[in-house]
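Structure first, then comments.
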Amino acid sequence: MAEKLLTVRNVTRQFGGLTAVNDVSMTIYDNELVALIGPNGAGKTTLFNMLSGLLPATSGTIAIRHDGRFYKVSGKGATSVAQHGISRTFQNIRLFGDMTVRENIMAALNNQFKESFWGTIIRTPHYYRTEREMNDAAQKLIDRYHLTAVADSPANKLPYGMQRRVEIVRALATKPKIIFLDEPAAGMNPEETAELTTMIRQLRDENNLAVLLIEHDMSLVMSLAERIYVLDQGEVLASGTPKEVSQNSAVVKAYLGGDANAAG
Amino acid sequence: MKTRWQTIAIWFVCMAAGYGIIYAGEMTGVVDTFIENMLVMMGINIILAVSLNLIVGFSGQFSLGHAGFMAIGAYATGIMTQTESTFAGLIFSMITGIVITIVIALIVGVPTLRLKGDYLAIATMGAAEIIRLTANNLKITNGPAGLYNIPQLATWPLVYIMMCLTIIIVANFVHSKTGRAIRAVRNDELAATAMGINATKYKLMAFVMGASLAAVGGSLYASYLQSIAPSNFNIMESVSILIIVVLGGIGSITGSVIAAVVLGAIDTILQNFGSLRMVIYAVMLIVIMIAKPSGLMGRREFSIGKWLAKRTAKKQAAAES
């Protein structure tokens, strides 16, 4: 079996008296495609925000393997978490709206390049070289994920489905070892969803990274995920392969309801 | 590579031409003391507006404390050039002003930059008031009466050169890796942090840099006008710099330059109207804002580099067909 990449141990998050995430433990291995499902309000996005460092956990630990050692994510800021190989997209797309697609990607490349303050001001050859290298790196991603046609349009002028793709590529630009996708297929038509499925597989296969996605589209989850965690009322209700999960009676009762047969 | 040098050459020619025109005006007597005064104030306002635009327009932090940082530069020059009234003394006082401003901007910025929108505006306004009240109460700044008989070491060529330098510095800074990170933070701070961009660092960088350029503007102001008082740096001064930025277009350097020139000219012309001046001025502001809500330039920039690139592309297309 592949090596452990992300470990979540007994993570709890409380908002006042409400426990949004309760004692959740999970493990994600290298290069895995894992789905996190659950009804609305199950705590999926709260868990995502803790995993990416945007929200501190009330208790428990989250750690990611970085350069052979485990780095504790819990208690660190999002910037530091991102620098240790975690990247994400958002449920309600959060692109850098008035910047072009290229600039969005180049902004995400920020930590991979060095630039001196004075070099920027007086425009040394080093400045031009850095700019060119960053542009080349962005261009590679643009070409590979078919964004050439929109590369120089402002991000907020793009159609919805395209914005989602751009957001995924932007997340990829930070060179993550694991990427969290928060409802990537939300608001997409079946055709776009099919394209997205291919893209997520391509993403995983070509970049040697693990993917954790929250998704409500069960056909996408069932066809894509290798493992599934089911969250209900802040707790892990079940986990396993798509087949195991869809046959789990507690899951059927809590989430899949009458659609259990159709989804399985 | 070729367009890069062409761009630099064209900008250089433009800046030299501006200098030449004013110089010719001075020689022929078209530019008298009155007009020179107007031009110098325009230049200083461009420095202040472009530097505030870096904070408000590019990094998206609503600061109302620009006059405070301007005051630091002005007082540094006012105090130091009275004992050392040489050009070197002026430059040294300018650097001193910048250093003090950097320290104070860091002290003000670290706690306040976590605030957003209106809250940040109030906090920066408070910081500027503290600076003004300090000048109002210290002996070395001569209290409310302020400093006078400051030697006039800043001449119009110096103001012109500093104005060009400010524009070049800010424009180069904004169009870089750092500038992109700053714009990303303005667009969506949360998403930027999730992409590994250290939002606090970049916000602080823009704030400190904008503040230190304001100090340069203040130094030139004190040295050219030869007298300063704390009341020159009150909240209204911060607001009038902000007006230039908003009118020109938040996030457009070109806009700030145009607005500073237009408002400076309007202000000068209206001096003949006596007390009606402020009424007409205010009405014009309202009319411009109704006609162009996002400012004269919006977020657009005038860019010779892009213009050249477009022209080459057109030529190529024509050659191919």
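Going down the list, the sequences are from chains A and B. According to the UniProt record's numbering, the first sequence is numbered sequentially starting from 1. According to the UniProt record's numbering, the second sequence is numbered sequentially starting from 1. By construction, the Cβ of each residue, glycine as well, lies at the ideal position given by its N, Cα and C atoms. Since this is a predicted model, take the numbers as computed values, not measurements.
query	result
B:S230 to B:I150, Cα distance in whole Å?	A small fix is needed here, since residue 230 of chain B is Pro in this sequence, not Ser. So the alpha carbons of these two residues sit roughly 15 angstroms apart.
Leaving out five residues on either side along the sequence, give the residues of the same chain with a beta carbon under 6 angstroms from the beta carbon of A:F70.	A63
Smallest Cα separation from B:V159: which of B:N272, B:T96, B:G217, B:W5?	B:G217
By alpha-carbon positions, which one of B:S223, B:G143, B:I79, B:M195 ends up nearest to B:L153?	B:S223
Determine, for B:A181, whether the minimum Cβ-Cβ distance to residues of chain A falls below 8 angstroms.	yes
How many angstroms separate the CA atom of B:A9 from the CA atom of B:E189?	37 angstroms
Relative to the alpha-carbon of B:Y119, which residue among B:V246, B:A206, B:F62 has its alpha-carbon at the smallest distance?	B:F62
Pair every Cβ in the stretch 240-254 of chain A with every Cβ in the stretch 189-209 of chain A, then say whether three or more of these pairs are closer than 8 angstroms.	no
Does any C-beta atom of chain B lie closer than 8 angstroms to the C-beta of A:I121?	yes
Does the distance from the C-beta atom of B:T77 to that of B:S219 stay below 8 angstroms?	yes
Check whether the Cβ atoms of B:V208 and B:I47 lie closer than 8 angstroms to each other.	no
By the 10 Å Cβ neighbour count, where 16 or more other Cβ atoms means buried, how is B:M278 classified, buried or exposed?	exposed
Could you check the C-alpha separation between A:G85 and A:L109 for me, to the nearest Å?	13 angstroms
Strictly under 8 angstroms for the Cβ-Cβ distance: is B:M15 near chain A by that measure?	no
For a test of the three-state rule: what should DSSP assign to B:A319, helix, strand or coil?	helix
Report the three-state DSSP secondary structure of A:H146 (helix, strand or coil).	coil
Of all Cβ atoms in chain B, is any one closer than 8 angstroms to the Cβ of A:E244?	no
Using a Cβ-Cβ distance cut-off of 8 angstroms, determine whether A:D152 contacts chain B.	no
Go through its chain and collect everything with a Cβ distance to B:S227's Cβ below 8 angstroms, but skip five positions before and after it.	G146, L147, Y148, N149, I150
List the residues that DSSP assigns as beta-bridge partners of A:G240.	A:I228
Would you decide whether B:C14 is buried or exposed? Buried here means 16 or more other CB atoms lie within 10 Å of its CB.	exposed
Rounding to the nearest angstrom, what Cα-Cα distance links B:W307 and A:P154 in this structure?	19 angstroms
Within this structure, are the beta carbons of A:V24 and A:E235 separated by less than 8 angstroms?	yes
Quick one: measure Cβ to Cβ for A:I105 and A:L47, integer angstroms, because I've assumed they're closer than 8 angstroms.	About 27 angstroms; that fails the 8 angstroms criterion.
What residues from chain B crowd round A:S249, counting only those whose CB sits closer than 7 angstroms?	Under the 7 angstroms cutoff, chain B gives no residues; its nearest Cβ is about 37 angstroms from A:S249.
Taking A:A44 as part of the alpha helix (DSSP H), name the residues at either end of that continuous run.	The question names Ala, yet the displayed sequence has Lys at residue 44 of chain A. Here the alpha helix (DSSP H) through A:K44 covers 44-51.
With a 10 Å radius around its C-beta and 16 neighbouring C-beta atoms as the bar for buried, classify B:R186 as buried or exposed.	buried
Of all the CB atoms in chain A, is at least one closer than 8 angstroms to the CB of B:D188?	yes
So A:A57 and A:S80 are supposed to be a Cβ contact under 8 angstroms. How far apart are they, rounded?	About 15 angstroms; that fails the 8 angstroms criterion.
Short check: CB of residue 358 of chain B to CB of B:S51, under 8 angstroms?	The question about residue 358 of chain B has no answer, for chain B in this structure spans 1 to 321.
Which bits of chain B does A:G187 rub up against, with CB to CB less than 7 angstroms?	Result: empty, since nearest Cβ-Cβ is about 18 angstroms, beyond 7 angstroms.
When the Cα of B:R300 is compared with those of B:G251, B:V245, B:M163, B:A318, which residue comes out closest?	B:G251
Chain B beta carbons: is any one of them nearer than 8 angstroms to that of A:N111?	yes
Look at the alpha carbon of A:H66 and the alpha carbon of B:G196, and state the distance between them as a whole number of angstroms.	15 angstroms
Three-state secondary structure (DSSP) at B:R114?	coil
List, in order along the chain, the chain B residues whose C-beta lies closer than 7 angstroms to that of residue 323 of chain A?	Look at the range of chain A in this structure, 1 to 264, and you will see that residue 323 of chain A is not part of it.
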